[in-house]
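In what follows, a structure is listed as structure tokens, so that the remarks can point back to it.
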Amino acid sequence: MNEGADETTDWSRDTQKLAVLTWISFLTASGFTMLFFAFVDPLVLVDALNITAIESRNAGYAIGFALFFANTWIAGWFTLRLCRRKRTGPVSLPRKD
């Protein structure tokens, strides 16, 4: 067995948040990709947008997944940034009389 397996490294709070954000974004993008492309053919989108660089459905699926993943990751990141953080300072400021 691996002798170093007993040593555990704790992730910082920010690293944990990024890991959770990335995993949830991946799962959400996977679901949206399946749902979206169940009804929309990527080659129809390519023809409608006059994009000549994409020639296969697989490329359309990959680009669609990347866009969904980027969208959900950025939305999740903004949500994390806007969440209220625990204050480390005094509970209330002293009154000026």
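Sequential numbering from 984 applies to the sequence shown in this note's numbering. Idealized CB from N, CA, C, for every residue including glycine.
Measure the C-alpha to C-alpha separation of residue i and residue j and round it to an integer number of angstroms.
| i | j | result |
| --- | --- | --- |
| A1021 | T991 | 43 Å |
| L1004 | L1050 | 16 Å |
| F1019 | K1079 | 59 Å |
| A1031 | K1000 | 39 Å |
| I1046 | R1040 | 10 Å |
| D993 | C1066 | 23 Å |
| G1014 | V1023 | 14 Å |
| T1016 | N1033 | 21 Å |
Here's a check: name, in chain order, each residue in its chain whose Cβ is nearer than 7 Å to the Cβ of residue i, leaving out the five neighbours to either side.
| i | result |
| --- | --- |
| G1043 | P1025, L1026, L1028, V1029, I1037 |
| I1007 | G1059 |
| L1063 | K1000, L1004 |
| D997 | none |
Can you list, in chain order, the residues of its chain whose CB lies under 8 Å from that of residue i, leaving out five sequence neighbours each side?
| i | result |
| --- | --- |
| F1009 | F1052 |
| T1011 | F1051, T1055 |
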